[in-house]
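For the sequence shown, full-length UniProt numbering assigns the number 244 to the last residue and increments by one with no breaks. For every residue, glycine included, the Cβ atom is placed at its ideal position computed from N, Cα and C.
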Amino acid sequence: MLLLQAVLLLLVLPSRGQDTPTKEPEVQLPLPKGVCTGWVAGIPGHPGHNGTPGRDGRDGTPGEKGEKGDAGLVGPKGDTGETGVTGVEGPRGFPGVQGRKGEPGESAYVYRSAFSVGLETRVTVPNVPIRFTKIFYNQQNHYDDTTGKFHCNIPGLYYFSYHITVYHKDVKVSLYKKDKAVLFTFDKYQDQDVDQASGSVLLHLEMGDQVWLQVYGEGENNGLYADNINDSTFTGFLLYHDTN
Ligand SMILES: *[C@@H]1O[C@H](CO)[C@@H](O)[C@H](O)[C@H]1NC(C)=O
Ligand SMILES: [Ca+2]
Numbered sequence: 001m002l003l004l005q006a007v008l009l010l011l012v013l014p015s016r017g018q019d020t021p022t023k024e025p026e027v028q029l030p031l032p033k034g035v036c037t038g039w040v041a042g043i044p045g046h047p048g049h050n051g052t053p054g055r056d057g058r059d060g061t062p063g064e065k066g067e068k069g070d071a072g073l074v075g076p077k078g079d080t081g082e083t084g085v086t087g088v089e090g091p092r093g094f095p096g097v098q099g100r101k102g103e104p105g106e107s108a109y110v111y112r113s114a115f116s117v118g119l120e121t122r123v124t125v126p127n128v129p130i131r132f133t134k135i136f137y138n139q140q141n142h143y144d145d146t147t148g149k150f151h152c153n154i155p156g157l158y159y160f161s162y163h164i165t166v167y168h169k170d171v172k173v174s175l176y177k178k179d180k181a182v183l184f185t186f187d188k189y190q191d192q193d194v195d196q197a198s199g200s201v202l203l204h205l206e207m208g209d210q211v212w213l214q215v216y217g218e219g220e221n222n223g224l225y226a227d228n229i230n231d232s233t234f235t236g237f238l239l240y241h242d243t244n
């Protein structure tokens, strides 16, 4: 407000000084020469009143550009973009740590035990092990042909079988394990005929166990027969050995 008044005062002050010389001739000029010859100049008039304030000045020139404002608030998160192209395969990794030492394997020992034998002559003696002396197979010699007994050298599960030709008399035969009959076979002989008696069994044997065939029962039950063309056989072999 004070500034505005000062500007107005400056505008008014010089105009008064300029108006004074122009107004005085203006008063003298309209007088006709002929009428007022030899006139005497009157007393100068009083200075006029101040004029009315002038109109507002023109707009000033634009000011200097202001300083840059603060950054606006962060906008909302945009949508997820499309999946990019698969990258190139990475380089090969370093070798892993060496694994632990494995458990000891099974022995290279080959577990074998098998025999297959036959009668060479008729059996006449009861209640003693039957001696099969015709050897088809006895590689490991686990069967003893001097006693007629099989000796277990490898603990495990064994298969035994026998096929007996019966002639002249009935047959009652048992398979023994450790002095105990565990399997019984009976055949009643038919006169004028040749019969067969057979049996088979799986037995678990421990080291040193013995297995053999023997005629059992009272009376004449020893009709076991064999000749060149009629065999009576006894066979056994290890099926699985014990692993522990
Ligand atoms: C043994 O078998 C043959 C036939 O192969 C037979 O001729 C013979 O009589 C048999 N032996 C006995 C004692 O029966
Ligand atoms: Ca019969």
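- Tell me, please, which residues DSSP counts as bridged to residue 110. One-based indexing of the sequence shown puts residue 110 at position 110. For residue 110, DSSP assigns no beta-bridge partner whatsoever.
- Task: Would you be able to state if there are at least three C-beta pairs under 8 Å between the region 210 to 229 and the region 125 to 135?
- Result: Output reads yes: the region 210 to 229 touches the region 125 to 135.
- Item | Cβ-heavy atom distance, residue 189 to ligand 2, below 7 Å | Taking the first residue of the sequence shown as 1, we reach residue 189 at position 189. Checking the Cβ of residue 189 against ligand 2 gives yes.
- Query: Counting by C-beta, which residues lie closer than 6 Å to a heavy atom of ligand 1, in chain order?
  - Reply: Those satisfying the condition are, in chain order, 167, 194, 227, 229, 230.
- Query: Is any heavy atom of ligand 4 found at a distance shorter than 7 Å from the C-beta of residue 232?
  - Reply: Of the ligands one can find in the structure shown, namely ligand 1 and ligand 2, none is ligand 4.
- Query: How many Å lie between residue 169 and residue 136 at the Cα?
  - Reply: Looking up residue 169 in the sequence shown gives position 169. Looking up residue 136 in the sequence shown gives position 136. Approximately 26 Å between the Cα atoms of the pair.
- Item | Length at least 3, wholly inside the UniProt domain "C1q" (108 to 244): the beta strand (DSSP E) runs in chain order | Counting whole runs of 3 or more residues, the UniProt domain "C1q" (108 to 244) contains the beta strand (DSSP E) stretches 114 to 118, 134 to 137, 149 to 151, 156 to 177, 180 to 187, 195 to 205, 210 to 215, 222 to 225, 233 to 241.
- Message: Measuring CB atoms only, is the region 97 to 105 touching the region 142 to 156, in the sense that at least three cross pairs come out at less than 8 Å?
- Response: As far as the Cβ criterion goes, the region 97 to 105 does not touch the region 142 to 156, which means the pair count is below three.
- Task: State yes or no: is the C-beta of residue 200 within less than 8 Å of the C-beta of residue 161?
- Result: Your numbering for residue 200 matches position 200 in the sequence shown. Your numbering for residue 161 matches position 161 in the sequence shown. In this structure, residue 161 lies closer than 8 Å to residue 200 by Cβ.
- Determine, using beta carbons only, whether residue 238 and residue 109 come nearer to each other than 8 Å. Here residue 238 is taken as the residue at index 238 of the sequence shown, counted from 1. Here residue 109 is taken as the residue at index 109 of the sequence shown, counted from 1. No.
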